[in-house]
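Basically the working numbering = 1-based index in the first sequence + 12. Glycine included, C-beta positions come from ideal geometry on N, C-alpha and C. Since this is a predicted model, take the numbers as computed values, not measurements. Structure record follows, encoded as structure tokens.
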Amino acid sequence: MNIRFYNSLSKKVEDFKTIKPNQVSMYVCGPTVYNYPHIGNMRPVVVFDTLRRFLEYVGYKVTYVSNFTDVDDKIINKALQEKKSEKEVTEYFIGEFKNDIHCIGCKDPNVTPKVTEYMSQIISYIDVLIKKGAAYEKNGNVYFRVSKIKDYGSLSGINIDDLITGARVETNDEKESPLDFALWKKTSEGISWDSPWGKGRPGWHTECCVMIDTIFPPDGLIDIHGGGYDLKFPHHENEIAQAEARHNNKIANYWLHNNFININNEKMSKSLGNVIYAKDLIEQFGGNVVRMVILSTHYRAPVNFTNETIESSKNEVQKIENVYRQMALVLQINEKKIPTIGHASGMEKFLDSLADDLNTSNALAELYEVTKRANQSLRQREIDFDLIEQLFSTMSDMLSILGIDIKYVRLNTADKKLYEEYLAAKAKKDFSLSDKLRAELIEKKII
RNA sequence: GGUUCCUUAGCCAAGUUGGUAAGGCAAUUGACUGCAACUCAAUGAUCAUCGGUUCAAAUCCGGUAGGAACCUCCA
Numbered sequence: 013m014n015i016r017f018y019n020s021l022s023k024k025v026e027d028f029k030t031i032k033p034n035q036v037s038m039y040v041c042g043p044t045v046y047n048y049p050h051i052g053n054m055r056p057v058v059v060f061d062t063l064r065r066f067l068e069y070v071g072y073k074v075t076y077v078s079n080f081t082d083v084d085d086k087i088i089n090k091a092l093q094e095k096k097s098e099k100e101v102t103e104y105f106i107g108e109f110k111n112d113i114h115c116i117g118c119k120d121p122n123v124t125p126k127v128t129e130y131m132s133q134i135i136s137y138i139d140v141l142i143k144k145g146a147a148y149e150k151n152g153n154v155y156f157r158v159s160k161i162k163d164y165g166s167l168s169g170i171n172i173d174d175l176i177t178g179a180r181v182e183t184n185d186e187k188e189s190p191l192d193f194a195l196w197k198k199t200s201e202g203i204s205w206d207s208p209w210g211k212g213r214p215g216w217h218t219e220c221c222v223m224i225d226t227i228f229p230p231d232g233l234i235d236i237h238g239g240g241y242d243l244k245f246p247h248h249e250n251e252i253a254q255a256e257a258r259h260n261n262k263i264a265n266y267w268l269h270n271n272f273i274n275i276n277n278e279k280m281s282k283s284l285g286n287v288i289y290a291k292d293l294i295e296q297f298g299g300n301v302v303r304m305v306i307l308s309t310h311y312r313a314p315v316n317f318t319n320e321t322i323e324s325s326k327n328e329v330q331k332i333e334n335v336y337r338q339m340a341l342v343l344q345i346n347e348k349k350i351p352t353i354g355h356a357s358g359m360e361k362f363l364d365s366l367a368d369d370l371n372t373s374n375a376l377a378e379l380y381e382v383t384k385r386a387n388q389s390l391r392q393r394e395i396d397f398d399l400i401e402q403l404f405s406t407m408s409d410m411l412s413i414l415g416i417d418i419k420y421v422r423l424n425t426a427d428k429k430l431y432e433e434y435l436a437a438k439a440k441k442d443f444s445l446s447d448k449l450r451a452e453l454i455e456k457k458i459i
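Right, dumping it as structure tokens:
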């Protein structure tokens with residue numbers, strides 16, 4: 013299968029070639045855990061979970077790493093404000109985050125490192141950068157020397173001179189250049205660690221490098237690095253700079269960036285007061301619907317949450333659930349076997365769509381095609397059970413790749429008997445009985 | 001100020017190297033149906049606008065209008 017991705021680094025669609033055969037190493041920048049996750053936080057999670065599921069389905073062994081930033085000014089402030097320890101704050105919100113992503117159909121990454129667990133590695137990583145002349149210490153702070161990197165700015169397409177003359181870079185007498193960024197910050201307040209440069213805490217940009225470096229030896233080079241596209245600058249640019257200095261590589265062969273979620277055509281922000289927590293949307297509409305809204309648009313385009321787009325996805329999910337459950341019912345009543353995941357036929361166009369830079373819109377079109385065919389098949393006078401079984405299998409596999417979780421009832425003997433009685437009553441035109449039985453079946457979510 | 005991107009039917013949305021536009025939601029009509037739900041079928045776009053290149057452009061180039069993002073913490 014020819015898998016292609018748009019690589020933010022080259023700004024081109026490229027064929028996907030892994031470093032090791034049949035294995036994919038993937039890292040996605042995770043959240044800073046100081047508040048409930050908003051819906052925007054869910055986009056990269058859903059996008060890269062879908063990518064991971066797809067890669068696994070087509071046979072790759074995927075090592076998916078996504079971090080938790082549990083050291084940060086916002087966390088320290090929150091802890092001070094609520095008179096709690098930083099750890100209490102971060103543990104709570106990590107739990108909330110995990111809960112949300114499970115509700116929205118995401119599997120846990122293979123590794124979820126936390127900054128606080130990588131402190132010794134971070135310190136030694138910074139130490140190496142200093143020894144290599146790529147970083148320098150001033151008054152207990154350590155800065156990265158951007159001038160050491162000749163093509164700094166290549167990911168984000170930012171011109172260094174423009175940055176400096178743009179006068180939007182904060183001035184700081186300690187730094188050799190305004191572009192230099194902090195690797196280690198001297199702190200007087202909140203949680204801190206001892207280091208060769210005094211008490212302090214690490215800067216944001218180093219943690220991802222160190223985690224990747226540690227988890228993917230020997231040189232911290234991985235296949236895919238993902239995240240929101242706002243992270244291109246400065247975060248990912250700075251990650252690349254550090255890896256260039258440390259290992260002379262660009263961390264990842266493929267840099268993938270997802271676009272944002274808008275709320276009613278506006279960017280979600282605190283100042284606009286339109287921040288929506290993921291948990292609230294999930295509670296109101298269910299994880300499948302929220303996930304469906306996200307998947308309905310290509311990951312590099314913005315997705316808009318409005319009453320209309322949510323309603324649309326809600327109807328789509330409902331339709332898929334209906335036919336899926338009906339097929340499960342028909343198969344079970346007729347003592348046919350329920351196919352297992354991973355062996356479906358008719359997946360070609362669906363998989364091709366996903367192989368094409370994760371085109372979920374086109375993949376969904378294939379899912380709807382199967383949905384329609386299944387509905388048609390269910391209405392035939394002479395039901396073709398083999399066909400139903402095959403369509404059910406196809407649909408199961410598609411849904412499992414997309415992370416849409418649809419439950420159906422496993423019928424026991426009593427359930428089957430109830431259903432048959434319902435059919436019999438209907439056939440006898442005993443509608444008061446059949447209505448009663450129907451209500452029971454609906455109650456049990458069998459039909 | 002610098003950089004980048006977007007504009008496809010009421011709404012969402014796809015569209016490899018140019019060859020007269022996937023799919024979904026909603027709507028309308030029809031069908032099915034004891035009732036309801038579910039479902040099926042049919043119906044809609046000169047691709048913001050102007051001009052250029054070309055036998056041929058939603059797709060390439062340029063102008064105009066409108067919108068957005070990044071350059072600062074941000075998914």
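Which stretch, first to last residue, makes up the alpha helix (DSSP H) that contains residue i?
i, result
"residue 56", "51-69"
"residue 107", "98-115"
"residue 435", "425-439"
"residue 328", "319-345"
Note down the Cα distance separating residue i from residue j, rounded to an integer number of angstroms.
i, j, result
"residue 38", "residue 63", "10 Å"
"residue 26", "residue 13", "14 Å"
"residue 435", "residue 372", "39 Å"
"residue 369", "residue 243", "20 Å"
"residue 95", "residue 120", "30 Å"
"residue 80", "residue 127", "7 Å"
"residue 88", "residue 20", "33 Å"
"residue 347", "residue 334", "20 Å"
"residue 374", "residue 43", "29 Å"
"residue 141", "residue 205", "19 Å"
"residue 322", "residue 329", "10 Å"
"residue 326", "residue 70", "29 Å"
"residue 394", "residue 342", "12 Å"
"residue 100", "residue 130", "18 Å"
"residue 161", "residue 150", "20 Å"
"residue 308", "residue 430", "38 Å"
"residue 66", "residue 238", "15 Å"
"residue 123", "residue 291", "23 Å"
"residue 92", "residue 241", "31 Å"
"residue 215", "residue 165", "19 Å"
"residue 451", "residue 425", "18 Å"
"residue 228", "residue 420", "40 Å"
"residue 178", "residue 171", "Per-residue confidence for residue 178 stands at a pLDDT of 49, beneath the threshold of 50, marking its modelled position as unreliable; the derived number appears in the next sentence. So the two alpha carbons sit approximately 10 Å from each other."
"residue 155", "residue 133", "17 Å"
"residue 427", "residue 383", "25 Å"
"residue 392", "residue 398", "13 Å"
"residue 61", "residue 447", "43 Å"
Grab the span of the beta strand (DSSP E) containing residue i for me, first residue to last.
i, result
"residue 299", "No beta strand (DSSP E) holds residue 299; the alpha helix (DSSP H) holding it covers 299-307."
"residue 23", "Residue 23 -> no beta strand (DSSP E), and no H or E assigned at all."
"residue 408", "No beta strand (DSSP E) holds residue 408; the alpha helix (DSSP H) holding it covers 397-414."
"residue 40", "35-40"
"residue 76", "73-78"
"residue 377", "First-last for residue 377: 372-390, but that is the alpha helix (DSSP H), not the beta strand (DSSP E)."
"residue 16", "16-19"
"residue 149", "147-150"
"residue 362", "Per DSSP, residue 362 belongs to no beta strand (DSSP E); it is in the alpha helix (DSSP H), 360-367."
Going along the chain, which residues of its own chain have a beta-carbon closer than 6 Å to the beta-carbon of residue i, five neighbours each way excluded?
i, result
"residue 203", "98"
"residue 57", "113 and 118"
"residue 445", "437"
"residue 312", "271"
Please work out which residues of its chain come closer than 8 Å, Cβ to Cβ, to residue i, disregarding the five sequence neighbours upstream and downstream, and give them in chain order.
i, result
"residue 288", "50, 51, 275, 280 and 317"
"residue 339", "386, 390, 400, 403, 404 and 407"
"residue 157", "145, 146, 147, 148, 188, 189 and 192"
"residue 422", "344"
"residue 498", "In the structure as shown, the chain begins at 13 and stops at 459. Residue 498 is therefore absent and cannot be evaluated."
"residue 180", "The predicted position of residue 180 is uncertain, since its pLDDT is 47 and thus under 50; a value taken from the coordinates is nonetheless stated next. There are no such residues."
"residue 153", "186, 194, 196, 197, 198, 209 and 212"
"residue 34", "71, 72 and 73"
By Cβ distance, which residues of its chain are closer than 7 Å to residue i, with the 5 residues on each side in sequence left out?
i, result
"residue 251", "217, 220, 221 and 263"
"residue 255", "221, 232, 261, 262 and 263"
"residue 409", "353, 354, 356 and 359"
"residue 167", "20, 21, 244, 248, 249, 252 and 267"
"residue 224", "39, 232, 234 and 263"
"residue 411", "418"
"residue 351", "401, 404, 405 and 408"
Check whether the segment 35-53 touches the segment 263-277, counting contact only when three or more Cβ pairs, one atom from each stretch, lie closer than 8 Å.
-> yes
Is the segment 294-302 in contact with the segment 413-429, if contact means three or more CB pairs nearer than 8 Å?
-> yes
Tell me the start and end of each unbroken beta strand (DSSP E) in the segment 225-260 that is at least 3 residues and wholly inside, in chain order.
-> Listed in chain order, they are 234-240.
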